[in-house]
Amino acid sequence: MQGSGIEVLFLGRNFLRLLEGLWVTLRISLIAVLLSVPLGILFGMFMTIKNPITKAISRVYLECIRIMPQLVLLFIAYFGVTRAFGWNLSADISAVIVFTLWGTAEMGDLVRGALISIPKHQYDSAYALGMNKIQAFGYVVVPQTMRRLIPLTINLTTRMIKTTSLVVLIGITEVLKVGKQIIDANRFDYPTAALWVYGAIFLLYFLACWPISMLAKRLEKQWR
Amino acid sequence: MKLRNLFTKLVAATAVATLIAAGLTGCASTNGNQNGVAQSFRTVDEIKESGKIIIGVFSDKAPFGYVDENGKYQGYDVYFAERIAKDLGVDVEYVSTDPASRVEYAATGKVDIILANFTVTEERAQQVDFALPYMKVKLGIVSPDSALITDVEQLKGKQLIVVKGTTAETYFEKNYPEITLQKYDEYADAYNALLDGRGDAFSTDNTEVLAWAIKNPGFTVGIDALGNADTIAPAVQKGNTTLLNWLNEEIENLGKENFFHADYEATLAEVYGDAANPDNLVVEGGKVE
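Going down the list, the sequences are from chains A and B.
Okay, so the first sequence: first residue is 3 according to the working numbering, each after it adds one.
Okay, so the second sequence: first residue is 73 according to the working numbering, each after it adds one.
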């Protein structure tokens, strides 16, 4: 018997399973964001230090992480580390580590960009007011950088939420995988289920990312 | 002072984040042998002691391994996995694997056994240890009822559809170079080419075409067992001999009660119906004739 695809969403625990999958996605990506935003800000500051050695270190780190696909990084963290050292990291921890490393690199570059976009006269004016380097940084440069960073950080956060769908390859069943499982288990009885299941996943991703954009809008207004 | 607060918060957040990260990485446990090659497998005794066996299965490849609407694993592989756990006297924990990560899971010992429709090949056998087979796959050819292909000789001068990188492609190139092949990257494209008549027949694993033909009236699998049988077997980490021997013994014993025919009846029969002969798919006692 072939039924309408939408019924599939409400068969058994299917909808609940999708929500559980969404929670897995959000948990990994939000932990990674919470770690990589502060680390990225520090890394961004580190990158602006005018010293050939620190420049080389940050360059190597940034390029390594940026050039390698996240999937490769996940395989290295999950399987490669076990192969090479025998450390048995759980899939969740490997995913958080990889996405934090990636997020830190990306965030660091955003922070660096925002920092060097502050015109030199802002520093000069701060020094003219008698501030020392740290004061100028804390009172003048950082607040201005923060506002410029909000949209970029939100972009990175939502990108991270979407990219976590790669973690299925190290065995974590997140929302997209649950969707595929539902479609596949019902492919004989409900051939049109794919449309409805992917539609529901689209809606779930939207509901997850939208509040984050709203929050960003509020912050941008508040810090004007 | 608002600005100062912001800065202090930032520093505090970073400190917390670093601590958490350090804590997370600290959870790693070292478990390597003298050769420097990481061996993390668990012996049969260790599995029994822990009361739980970890088995890697497919979670979206019905009818071999899939998850039903209640979140329970089902399918031909899972039916076997349940039996393994029962005979070991332990619970089973399933890990959802994908075709691309199956070898790694077994090779690194992240799971005790891989039971995910895993075809035995020489390359894979260098990375993992295969137990005795419990299923076999040959090639099948599906074609429209109006011009049914029941013999490979009928294909001469016709267009045969194959998917790149499959055993069907290599088999026909090697054994029937005179048959024209139409190659596609994905299964969906290949099936569409068959449906709209761009090709006369489509060949790939018989399990796949048999399931497809049942869903698509007007098409029949005229040849359901062609070429050499590829076998499908459980895999364990290289060197895990206790588990390997236990599995081989288990498969031999299960053969005596025709376990895999019962497995077929419970999981595959409803999908394949009368279109397939279970003896063409199931291997009992690890013996392929």
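We put the CB at the ideal spot given by N, CA and C, even for glycine.
Fair warning: this is a prediction, and the values are worked out from it, not measured in the lab.
Minimum Cβ-Cβ distance from residue i to chain A less than 7 Å
| i | result |
| --- | --- |
| B:D184 | no |
| B:N142 | yes |
| B:S131 | yes |
| B:Y151 | no |
| B:V139 | yes |
| B:E322 | no |
| B:E280 | no |
| B:E165 | no |
Amino acids of chain B, ordered along the chain, whose beta-carbon sits closer than 7 Å to that of residue i
| i | result |
| --- | --- |
| A:L171 | D170, A172 and S173 |
| A:R19 | G143 |
Coil, strand or helix - residue i by DSSP
| i | result |
| --- | --- |
| B:Y344 | helix |
| B:T313 | helix |
| B:E245 | helix |
| B:F291 | strand |
| B:D261 | helix |
| B:V209 | strand |
| A:K182 | helix |
| A:K57 | helix |
| B:Y256 | strand |
| B:K124 | strand |
| B:T195 | Reading the sequence as shown, one finds Glu at residue 195 of chain B and not Thr. Three-state result, B:E195: helix. |
| B:D170 | coil |
| B:A301 | strand |
| A:S38 | helix |
| B:G181 | coil |
| B:Y145 | strand |
| A:A86 | helix |
| B:E165 | strand |
| A:T194 | coil |
| B:K133 | strand |
Cα-Cα separation, residue i to residue j
| i | j | result |
| --- | --- | --- |
| B:Y336 | A:V10 | 26 Å |
| B:D346 | B:H333 | 15 Å |
| B:Y248 | B:A240 | 11 Å |
| B:A197 | A:R15 | 39 Å |
| A:A202 | A:I43 | 35 Å |
| A:Q72 | A:L168 | 8 Å |
| B:D351 | B:D296 | 12 Å |
| B:Q199 | B:S168 | 20 Å |
| B:P171 | B:G299 | 23 Å |
| A:R150 | B:G147 | 53 Å |
| B:R174 | B:E250 | 36 Å |
| A:G23 | A:L206 | 10 Å |
| A:G7 | A:I30 | 30 Å |
| B:A348 | A:L21 | 38 Å |
| A:E222 | A:K52 | 30 Å |
| A:R114 | A:V144 | 11 Å |
| B:K236 | B:A262 | 10 Å |
| A:G132 | A:G173 | 57 Å |
| B:L211 | A:S215 | 52 Å |
| B:G271 | A:N188 | 29 Å |
| B:E225 | B:A273 | 13 Å |
Rounded distance between the beta-carbons of residue j and residue i, thought under 8 Å
| i | j | result |
| --- | --- | --- |
| A:G105 | A:L158 | 7 Å |
| A:V100 | A:L64 | Not confirmed; about 15 Å, so no contact. |
| B:K208 | B:V308 | Incorrect: roughly 20 Å between the Cβ atoms, too far for contact. |
| B:I213 | B:V129 | The pair is not a contact, with the Cβ atoms about 29 Å apart (cut-off 8 Å). |
| A:D186 | B:A134 | 5 Å |
| B:A203 | B:I127 | Their Cβ separation, rounded to whole angstroms, is 13 Å, which puts B:A203 and B:I127 out of contact at 8 Å. |
| B:S402 | A:G88 | Outside the modelled stretch of chain B, which goes from 73 to 361, sits residue 402 of chain B, for which no answer is possible. |
| B:I119 | B:L160 | 6 Å |
| A:E176 | A:T165 | No, A:E176 and A:T165 are not in contact; Cβ-Cβ is about 11 Å, not under 8 Å. |
Beta-carbon neighbours of residue i, restricted to chain A and to distances below 7 Å
| i | result |
| --- | --- |
| B:V209 | Chain A residues near B:V209: none, gap ~19 Å exceeds 7 Å. |
| B:A134 | D186, A187 and R189 |
| B:K287 | F190 |
| B:S112 | T84, G88 and N90 |
| B:T191 | Neighbours of B:T191 on chain A: none; closest Cβ ~19 Å, over 7 Å. |
| B:T222 | Within 7 Å Cβ-Cβ: nothing; B:T222 doesn't reach chain A, min ~26 Å. |
| B:T180 | F81, T84 and R85 |
Cross-chain neighbours of residue i in chain B, by beta carbon under 9 Å
| i | result |
| --- | --- |
| A:Q137 | Simply none; closest approach about 10 Å. |
Chain-ordered chain A contacts of residue i [CB-CB under 9 Å]
| i | result |
| --- | --- |
| B:V293 | Within chain A, no residue comes near B:V293; the closest Cβ sits about 17 Å away, beyond 9 Å. |
Contacts of residue i in chain A (Cβ-Cβ under 8 Å)
| i | result |
| --- | --- |
| B:T252 | Here the premise fails: no neighbours, minimum Cβ distance about 31 Å. |
| B:V343 | F190 |
Within-7 Å CB hit, residue i to chain B
| i | result |
| --- | --- |
| A:G14 | yes |
| A:K182 | yes |
| A:R68 | no |
| A:R226 | no |
| A:F81 | yes |
| A:M109 | no |
| A:T175 | yes |
Contacts of residue i in chain B (Cβ-Cβ under 8 Å)
| i | result |
| --- | --- |
| A:K179 | S131, D132 and S168 |
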